[in-house]
Structure formats: C-alpha cells, structure tokens
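In terms of this note's numbering, the sequence shown is residues 3 to 178. Ideal Cβ positions, reconstructed from N, Cα and C, are used throughout, including at glycine. Owing to the predicted nature of the structure, the values given are computational and were not obtained by experimental measurement.
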Amino acid sequence: MADQNDAMISSLIDYMQKEGLVLTTAESCTAGLILSEFASVPGSGSLVDCGLVVYSPQAKQRYLKIDDEIFEKHSMTSETLSREMAIGALDYTQANVAIANTGIAGPEPAEDGTPVGTVCFAWAFRTGEGDSVYCETRRFDGGRNDVRLAAARYSLERLTHYHAESQGAETAIGSQ
C-alpha cells in the first residue's frame with residue numbers, strides 16, 4: 003500500500019510541477035495528514051505554501067475568516083463549510099490550490115447524527131479568471147485513524163481530477 007501511495011504522490015508531484023501548482027491545506031478531521039502524506043515523497047516541499055489545522059469553529063473563523071452564518075446554517079461536517087475553508091485558505095496564503103476537509107473520524111457520531119467516517123472535502127483553484135471550487139462528501143470505513151488516513155489520501159488522489167476540470171479538461175493524467 004505504501005508503494006502504491008508513493009507512486010500516486012510522485013505522479014501528483016510531477017503534475018503539480020508541470021502545472022505550476024502550489025498547495026495549501028485547511029484540515030480539520032485529518033489534522034495535518036494531507037500534508038504529511040504529501041511530504042512523504044521527496045520533491046514535494048517546493049510545492050507547499052503551508053498547512054492549517056483548524057479543528058474549532060474559532061480557529062476556522064480566526065484563520066480562514068469563516069462567517070458566523072455558516073456555522074448557524076450548516077453542520078460542522080458540510081460541503082458548505084469545507085468550501086468556505088478552502089477559499090479562506092487560498093485567501094490566507096500564497097498558494098493557488100487548496101484542499102480542505104471537515105468530518106467525523108470517530109469513535110462517536112456527531113451531535114447532529116452525522117455518521118462516523120463522513121468527510122466533506124473541497125478543492126479550490128485560483129487562476130487569473132477567479133476561483134473554482136469543487137466539493138464531495140464521502141464515507142470511509144474503519145477506526146478513527148483509518149478514516150483520517152483514507153481521507154487524506156483520497157483528497158490528494160482527487161486533486162488532478164478537479165484541477166483538470168477547472169481548466170476545462172475532461173480528465174487529468176492518471177485520473178479516472
């Protein structure tokens with residue numbers, strides 16, 4: 003599994019270098035694992051601006067400028083929140099691509115009943131034309147750390163797909 007993951011990240015690094023992409027993250031349930039996984043392969047460092055671990059609503063507001071209204075109208079595990087986190091990360095950094103997530107890794111479901119393993123993702127791309135943002139919600143099986151690792155890896159796997167979509171391409175190299 004590690005070799006397969008390293009190969010995926012190596013391909014992602016090549017793609018990002020070719021496309022001139024610089025990454026930032028706004029991570030809640032993965033708590034830094036997206037960048038940790040990405041940094042496990044040499045060559046990744048030059049493609050990272052920074053990573054933010056923002057668990058609490060207060061941290062999301064302080065660093066990502068999430069409006070109170072988002073928390074009032076939406077769950078802490080929502081595509082709306084992950085979207086706002088990704089945009090906030092782009093605004094806070096010098097990066098041109100952001101991955102954000104929020105979710106329930108476990109062991110207990112959220113107070114609102116959101117099941118364990120639910121993760122909401124957003125991928126945001128900044129271009130001269132403005133921002134493009136794509137969101138998904140997925141459920142992952144396993145214990146807390148299994149969910150976190152699967153979510154981190156999934157977010158990296160989908161980056162090329164959504165970048166290609168933001169550029170008007172059908173699919174990215176290596177994406178299905």
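Got a sec? Which residues, its chain only, sit under 6 Å from residue i by beta carbon, not counting five neighbours each side?
| i | result |
| --- | --- |
| Ser177 | Caution is warranted here: a pLDDT of 39 is assigned to Ser177, below 50, making its placement in the model unreliable, and the coordinate value is therefore given only provisionally. Cβ within range, chain order: Thr162 and His163. |
| Arg140 | Val121 |
| Tyr17 | Thr162 |
Are the beta-carbon atoms belonging to residue i and residue j less than 8 Å from one another?
| i | j | result |
| --- | --- | --- |
| Val1 | Ile101 | Residue coverage of the chain in this structure runs from 3 to 178, which leaves residue 1 outside it and unanswerable. |
| Leu49 | Val24 | yes |
| Ala126 | Thr32 | no |
| Ala97 | Leu66 | no |
| Thr116 | Ser84 | no |
| Phe123 | Glu138 | yes |
| Ala152 | Gly144 | yes |
| Ser168 | Ser134 | yes |
| Ala28 | Ala88 | yes |
| Ile15 | Ser38 | no |
Within its chain, find whatever has a CB closer than 7 Å to the CB of residue i; leave out the 5 residues flanking it on each side and keep chain order.
| i | result |
| --- | --- |
| Asp114 | Ser77 |
| Glu159 | Met10 |
| Gly22 | none |
| Ser12 | Val43 |
| Asp70 | none |
| Ser80 | Cys122 |
Apart from the five residues on each side of it in sequence, which residues of its chain come closer than 8 Å, Cβ to Cβ, to residue i?
| i | result |
| --- | --- |
| Pro59 | Ile68, Phe73 and Met78 |
| Arg150 | Cys31, Thr32, Ala33, Leu35 and Ala107 |
Please name the residue or residues paired with residue i in a DSSP beta bridge.
| i | result |
| --- | --- |
| Ile89 | Paired residue(s): none; Ile89 is not in a bridge. |
| Ile68 | DSSP lists no partner for Ile68. |
| Cys52 | Thr26 |
| Asn103 | Glu29 and Phe123 |
Contact check, residue i vs residue j under 8 Å by CB: the rounded distance?
| i | j | result |
| --- | --- | --- |
| Cys52 | Thr26 | 6 Å |
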